[in-house]
Amino acid sequence: MSIETPMNRRSFLKGATVVGAAAAATGALGLAGCAPQGKGDAAKGAATTEQGELILDAETFQNAKWNFEIPPEPVDESKITNTVECEILVIGAGVGGLVTAASAVEEGADVVLIASSDGPVSRGGSNAAFNTRLTHELDLDFTREEIEPIFQSIFAANSFRLDQEKWWLVFDESGTAMNWLMDKVAPYGISAVIENNQRDGGTSWWDGGPLKTLNVSHSFVAEGAQAAGASQQIVVEALAEEITKGGGRIFYSTTAVQLDREGDNTGRVTGCVAKHDSEYTRYNASKGVVLATGDFSQDKDMVAKYCPMALPFGYGGVYDGSGLKLALWIGAAWQKYTPNAPMLATMGDEVLPCRWWAEGALTTFPGLLVNKKGVRYSNENCTYGYMPYPQRVQPDGCAFLIWDENWVRDSAPWQSDRVGGEARDTQEVYDAIQALFDPNTDWTTTEEYAGFDATMAENAVKADTLEELADGLGLPREEFLAQVERYNGYCETGLDDEFHKDKRFLLPVKQPPFYGIKNEPYTLCITGGLNTDIQMHVCDANNDPIPGLYGVGTVVGDMYGDVYDYKVPGINLGGACTTFGYLLGKNLTAGTW
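For the sequence shown, my numbering assigns the number 419 to the initial residue and increments by one for each residue that follows.
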């Protein structure tokens, strides 16, 4: 009898869970003054319980003023000791901001980029683009006729709660933008591959059906950074170098605290005031200011108002919506469709067997999934954009991934992480999973997984019997054993009577030792923000552009509807950041946008 429980592995996500929706219903909303500040008598009519909890009605809630919506006092002019002049001011040193700046510098613009970070920043590494020279070489191009029904299905899955024009702009222009980006980074020894998001290209194996994902995600690789989909940092560092080489100026550790807008916030945005250490500097931009400041997932109040569905999830977002708030304070409007779409994930890079399986179809673990009560709760054949929802509503919001000794062999072939790449050796996958369950594994010494935290290892159990597995994972024995027996029966008949999973994924849990990992879903970021038009102007509530103010990247509103579903993997980096940034830099310099 043996049970092995690896310990002392670092966690993939160390973010705290945000306050629950119940808090929002009892006044812990971050509302100004702990009570609504609204029109007319709405605030006066707000009642409280004997315990002091705020009682909301529709009018009170609609007219309530949130703390983050109240602008701070303007910076005292006497504290502004420096002035910097430029044509284009970009705020933010992520992919969107750097692409915009590099594109504008290439056109001869006088560009200044400021960022609160201490250097260029990136997350992920999947960059969607259509009809590039690389997709053409690999026969992965799409015609209008081919993409129209795919986009239509995506629009429908998002309840048409998105800006269709922006999606078609990505389809039409992303090829040019991505070819440009590949050229920009090539001198730095960086090349691109296409991530293998559809096993066998979706031609001779499972094509995903309504969950189909497209092989259009460009991932950049270089010496020492070969992991497809995870090496974006090399791109932003190269772009920052290109900007300074071209005469652009970059100021890091410089935080924008105020947008300057003429006419008592009715006219043109002329620049911003930013703080570095204890000094304030005014940046004046004659052609325009570009917000590229990321999402708002670290501001609990903004999440409660604009994406309450994300409240129960653990989250890995890093931005607090500061750039979005700057725009709201000078008259910008929020995007048209709310709630915003969260970018969720589960059973992804932090769970090794899913990591390599996901390179085939961005699916979650396709084996046996049970909840804390030891029973199944969903068809396991799902993408990790959708699975967080049924997983989150389970007891404690967690799931348990279960497989046996034969699962790795029976799941072969284990495909490459890139189209045209060499398939992974089944034994290699098996050995890596064994390392995951070995408490003595030092992941920092393994080149391919340097920094890979094997995140669920603290909750990983390997056992010689199913009874021991249940005990090790904290699952009720009787219910779990009965569920495994039912599931194995479905594997024998090829018919899943509970959730009707594709029989090709029905692999039994019979051969010891047995494996299990506890997993919880999380938020990567929350997409969208400001009301923006097709030329990236930030607009007011009447959809009128605010002169001189633009947005790119996650700042751009209405790109996604219900959830970021990964059907076009990397469309946020490749579309909202790269394509829109490339076009904005060119057109803003030329004065056409």
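A virtual CB, placed ideally from N, CA and C, is assigned to each residue, including glycine.
Q.
Taking DSSP's pairing of strands, which residues face Y701 in a bridge?
A. Translated into the one-based positions of the sequence shown, residue 701 becomes position 283. According to DSSP, Y701 bridges with V502 and C690.
Q | Secondary structure of V639, DSSP reduced to three states | A | By 1-based counting over the sequence shown, the position of residue 639 is 221. Correct three-state label for V639: strand.
Q: Helix, strand or coil for R794, going by three-state DSSP, please let me know.
A: The sequence position of residue 794 within the sequence shown is 376, counting from 1. In the structure shown, R794 sits in coil (DSSP, three-state: anything other than H, G, I, E or B).
Q: Scan the stretch 714-743 and note each continuous beta strand (DSSP E) run of 3 residues or more that stays entirely inside, going in chain order.
A: none
Q) How would you write the range of the alpha helix (DSSP H) that T561 sits in, first residue to last? A) As a working note, residue 561 is residue 143 in the sequence shown. Note, T561: premise wrong, no alpha helix (DSSP H); not H, not E.
Q. Do V707 and L891 come within 8 Å of each other at the CB atom, strictly closer than that value?
A. Locating residue 891 in the sequence shown gives position 473, counting from the first residue. Locating residue 707 in the sequence shown gives position 289, counting from the first residue. No; because the gap between Cβ atoms is not below 8 Å, this pair is not in contact.
Q: Note down the Cα distance separating A663 from I989, rounded to an integer number of angstroms.
A: For the purposes of this step, residue 663 is taken as residue 245 along the sequence shown, with counting starting at 1. For the purposes of this step, residue 989 is taken as residue 571 along the sequence shown, with counting starting at 1. In the sequence as displayed, the identity of residue 663 is Lys instead of Ala. Their backbone Cα atoms lie some 28 Å apart in a straight line.
Q. Is Y933 helix, strand or coil when you go by DSSP?
A. Taking the sequence shown and counting its residues from 1, the one referred to as residue 933 is at position 515. Correct three-state label for Y933: strand.
Q.
I'd like the span of the alpha helix (DSSP H) that includes Q480, first residue to last.
A. Counting from one through the sequence shown, the residue named residue 480 turns up at place 62. Where Q480 is concerned, the enclosing alpha helix (DSSP H) stretches over A476 to N481.
Q: Verify whether the separation of the beta carbon atoms of A759 and G979 is less than 8 Å.
A: Counted from its first residue, the sequence shown places residue 759 at position 341. Counted from its first residue, the sequence shown places residue 979 at position 561. Contact flag set, yes.
(Q) Mapping the DSSP letters down to three states, classify Q845 as helix, strand or coil. (A) Position 427 of the sequence shown, counting from 1, holds the residue named residue 845. The answer is helix: DSSP assigns Q845 an H, G or I state.
Q.
Let me make sure I understand the geometry here. Which of V793, P987 and I532 has the alpha-carbon closest to that of L899?
A. The residue given as residue 899 occupies position 481 in the sequence shown. It is V793 whose Cα lies nearest to the Cα of L899.
Q.
Tell me which residues share the same chain as W821 and place their Cβ nearer than 6 Å to its Cβ, disregarding the 5 neighbours each side in the sequence.
A. Taking the sequence shown and counting its residues from 1, the one referred to as residue 821 is at position 403. Excluding sequence neighbours, W821 sits near G785 and Y933.
Q) Would the stretch 679-696 and the stretch 709-720 be scored as touching if the rule is three or more Cβ pairs under 8 Å? A) no
Q) Given A519, which residues of its chain have a CB within under 6 Å of its CB, disregarding the five upstream and five downstream residues? A) Here residue 519 refers to the residue found at position 101 when the sequence shown is read from its first residue. So the qualifying residues of the chain are V508, V529, L531, I661 and G666.
Q.
So the candidates are A703, A656 and S671; which of them puts its Cα closest to the Cα of R679?
A. Locating residue 679 in the sequence shown gives position 261, where the first residue counts as 1. It is A703.
Q.
Is it buried or exposed, V811, if we count other Cβ atoms within 10 angstroms and call 16 or more buried?
A. Locating residue 811 in the sequence shown gives position 393, where the first residue counts as 1. Classification of V811: exposed, given that the 10 Å Cβ count is below 16.
Q.
Buried or exposed for G685, going by 16 or more other Cβ atoms inside 10 Å?
A. Position 267 of the sequence shown, counted from the start, is the residue given in the question as residue 685. By the 10 Å Cβ count, G685 comes out exposed.
Q. In chain order, what residues of the same chain have a beta carbon less than 7 Å from the beta carbon of K936, not counting five sequence neighbours either side?
A. Taking the sequence shown and counting its residues from 1, one reaches residue 936 at position 518. So the list reads C816, F818, M874, N877 and L891, once near-sequence residues are dropped.
Q) Quick one: what does DSSP say G681 is sitting in, helix, strand or coil? A) Position 263 of the sequence shown holds residue 681. Reduced to three states, the DSSP call for G681 is helix.
**Q.** Reduced DSSP secondary structure (H/G/I, E/B, other) of Q570
**A.** The count along the sequence shown starts at 1 and reaches residue 570 at position 152. It is helical.
Q) For I852, which of helix, strand or coil comes out of DSSP? A) To locate residue 852, count along the sequence shown from 1; it is residue 434. It should be noted that the sequence gives Gln, not Ile, for residue 852. Helix, per DSSP.
(Q) Ignoring anything shorter than 3 residues, give me the beta strand (DSSP E) runs that lie fully in the stretch 792-830, in order along the chain. (A) 817-822
Q. Which residues in the same chain as E897 place their Cβ atom closer than 8 Å to its Cβ, once the five residues preceding and following it in sequence are excluded?
A. Along the sequence shown, one-based indexing puts residue 897 at 479. Same-chain partners within the cutoff: K791, G792 and V793.
Q. If we ignore side chains and look at the alpha-carbon of each, how far apart do Q480 and K723 end up?
A. By 1-based counting over the sequence shown, the position of residue 480 is 62. By 1-based counting over the sequence shown, the position of residue 723 is 305. Those two C-alpha atoms are separated by around 11 Å.
Q. Are the beta-carbon atoms belonging to K754 and G975 less than 8 Å from one another?
A. In the sequence shown, the residue the question calls residue 754 occupies position 336. In the sequence shown, the residue the question calls residue 975 occupies position 557. For K754 and G975, yes; Cβs fall inside 8 Å.
Q: Compare the C-alpha of A692 against each of M805, T844, D494 and D849 and name the closest.
A: To locate residue 692, count along the sequence shown from 1; it is residue 274. For the residues M805, T844, D494 and D849, the minimum Cα distance to A692 belongs to D494.
Q. What do you get for Q570, buried or exposed, if any count of 16 or more other CB atoms within 10 angstroms of its CB means buried?
A. Walking along the sequence shown from the start, residue 570 turns up at place 152. Its Cβ having fewer than 16 others within 10 Å, Q570 is exposed.
**Q.** Opening and closing residue of the beta strand (DSSP E) in which L762 lies
**A.** On the sequence shown, residue 762 is found 344 positions in, with the first residue counted as 1. Run containing L762: P760 to A763, per the beta strand (DSSP E) assignment.
Q: For H955, name the three-state secondary structure that DSSP assigns.
A: By one-based count along the sequence shown, residue 955 stands at place 537. Of the three classes helix, strand and coil, the one that applies to H955 here is strand, per DSSP.
Q: Evaluate S796 with the Cβ neighbour count: other Cβ atoms within 10 Å of its Cβ, from every protein chain shown; 16 or more gives buried, anything less gives exposed.
A: In the sequence shown, residue 796 corresponds to position 378, counting from 1. Counting Cβ neighbours within 10 Å, S796 comes out buried, since at least 16 surround it.
Q: Pick helix, strand or coil for P965, following the three-state DSSP scheme.
A: Residue 965 sits at position 547 when you count from the first residue of the sequence shown. Three-state result, P965: strand.
(Q) Using 8 Å as the threshold, is the C-beta distance between V956 and I964 below it? (A) Here residue 956 is taken as the residue at index 538 of the sequence shown, counted from 1. Here residue 964 is taken as the residue at index 546 of the sequence shown, counted from 1. Yes, the Cβ-Cβ distance between V956 and I964 is below 8 Å.
Q. What's the gap between the Cα of P538 and the Cα of I668?
A. Within the sequence shown, numbered from 1, the residue matching residue 538 stands at position 120. Within the sequence shown, numbered from 1, the residue matching residue 668 stands at position 250. Cα to Cα, the separation comes out at about 10 Å.
Q) Taking 8 Å as the CB-CB cut-off, is E886 touching chain C? A) Any reference to chain C falls outside this structure, which holds one protein chain only.
(Q) Out of D719, E798, M761 and V639, which one is the CA nearest neighbour of I608? (A) For the purposes of this step, residue 608 is taken as residue 190 along the sequence shown, with counting starting at 1. The residue with the shortest Cα to Cα distance from I608 is V639.
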